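Report on one structure; see the data block that follows.
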Amino acid sequence: MSYPPQPPYSAPPQGALLPNKLGLAALWVGIGAFVAALIPFVSYFAILVAFVGIVLGVIALVLPRRRKKAATAGSIVSFVALIVSIGTSIFYTVVLFGSLISAITNSFEPTPPPPLGESSVPLSYEVDGMGSDVDITYTTFIDGIDSTQQETGQRLPFERDFDVAYGGAATYNSYTLTAVNGDNDGDVTCRISLDDRVLIEQTASGAFATATCTISGTELLTQ
Numbered sequence: 014m015s016y017p018p019q020p021p022y023s024a025p026p027q028g029a030l031l032p033n034k035l036g037l038a039a040l041w042v043g044i045g046a047f048v049a050a051l052i053p054f055v056s057y058f059a060i061l062v063a064f065v066g067i068v069l070g071v072i073a074l075v076l077p078r079r080r081k082k083a084a085t086a087g088s089i090v091s092f093v094a095l096i097v098s099i100g101t102s103i104f105y106t107v108v109l110f111g112s113l114i115s116a117i118t119n120s121f122e123p124t125p126p127p128p129l130g131e132s133s134v135p136l137s138y139e140v141d142g143m144g145s146d147v148d149i150t151y152t153t154f155i156d157g158i159d160s161t162q163q164e165t166g167q168r169l170p171f172e173r174d175f176d177v178a179y180g181g182a183a184t185y186n187s188y189t190l191t192a193v194n195g196d197n198d199g200d201v202t203c204r205i206s207l208d209d210r211v212l213i214e215q216t217a218s219g220a221f222a223t224a225t226c227t228i229s230g231t232e233l234l235t236q
């Protein structure tokens, strides 16, 4: 059995450039590194991949009688990927460690006290004595609004309790309790107390006698 003769081997023309597979590999590696550089935290690995692409591209460029287009493009893309991956890695590092440092710092900071003016204390208005038909007038501050209340012909003892703000703008408040005796000769005593501690007490005797007690918001801060 005979075989047909093989065609003679034809050498590439003199001066023709051969395919540059290494340059093509550098191009694909560079593209992969560029894509990886845009992904958070994968960019750290993209730095190494981009460096490999640059090395492959440089080697492909110096190979004799090889096409240079793919090698040139691979080197450029890999270099750009290296710059991008370094930049994104630095950015993600700063954001990550900045958040961790901030969280750790905040965990050791003491909780600040509530702003002055947002706390309240129990304040008591009291009137007692031997007087009768006593007219009582007192000031109140509810939700930052002051008002005057009057209750007439009261029998003693008399007491009203309030939660009042202190500090901040409430420092400038004043709290007044006035008791006016009826037409008998008894006595009346007004008293303003904070947590069962008497802040001020005044007594007046006789018909239509008036006892007045006044404190300021500043005095509440000193108690």
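Our numbering numbers the first residue of the sequence shown as 14 and each following residue consecutively. Even glycine gets a Cβ: it sits at the ideal position worked out from N, Cα and C. Remember, predicted model here, so these are calculated numbers, not experimental data.
*asked:* Quick check: the stretch 33-46 against the stretch 59-69, are at least 3 beta-carbon pairs closer than 8 Å?
replied: yes
*Own chain partners of residue 191 with C-beta closer than 6 Å, once the 5 adjacent residues on each side are dropped*: 150 and 225
*Should residue 119 be labelled buried (16 or more other beta-carbon atoms within 10 Å of its own) or exposed?*
By the C-beta density criterion, residue 119 is exposed, having fewer than 16 other C-beta atoms within 10 angstroms.
*Could you name each continuous beta strand (DSSP E) segment of 3 residues or more that falls completely within the stretch 141-193, going from the start of the chain to the end?*
The qualifying runs are 147-155, 158-167, 171-179 and 187-193.
*Which value, in whole angstroms, describes the spacing of the CA atoms of residue 81 and residue 108?*
40 Å
*Hey, how far is the Cα of residue 205 from the Cα of residue 115?*
48 Å
*Where residue 85 and residue 70 are concerned, what is the direct C-alpha to C-alpha distance, given to the nearest angstrom?*
7 Å
*So the alpha helix (DSSP H) residue 44 belongs to, where does it begin and stop?*
34-50
*residue 66 classed as buried or exposed, judged by whether at least 16 other C-beta atoms fall within 10 angstroms*: A residue is called buried when at least 16 other Cβ atoms come within 10 angstroms of its Cβ; residue 66 meets this threshold and is buried.
*asked:* Using a Cβ-Cβ cutoff of less than 8 Å, which residues in the same chain neighbour residue 127 once the five nearest sequence positions on both sides are dropped?
replied: Model confidence at residue 127 stands at a pLDDT of 47, short of 50, so the residue's coordinates are unreliable; what they give is reported in the following sentence. Nothing meets the Cβ criterion.
*Going by beta carbon distance, what residues of the same chain come within less than 7 Å of residue 88, once the five residues before and after it are set aside?*
Within the same chain, 39, 67, 70, 71 and 74 come within 7 Å of residue 88 by CB-CB distance, once the 5 residues on both sides are set aside.
*Bounding residues of the alpha helix (DSSP H) (the contiguous stretch that carries residue 30)*: No alpha helix (DSSP H) holds residue 30; DSSP gives it neither H nor E.
*Would you mind reading off the limits of the beta strand (DSSP E) that contains residue 207?*
Where residue 207 is concerned, the enclosing beta strand (DSSP E) stretches over 200-207.
*Measuring CA to CA, which of 188, 41 and 198 is closest to residue 230?*
188
*Pick from 103, 227 and 193 that is closest to residue 165, judged by C-alpha positions*: 193
*asked:* Between which residues of its own chain and residue 175 is the CB-CB distance below 7 Å, once the five residues before and five after are set aside?
replied: 136 and 153
*asked:* Assuming contact is defined by CB atoms lying nearer than 8 Å, are residue 134 and residue 208 in contact in what I supplied?
replied: yes
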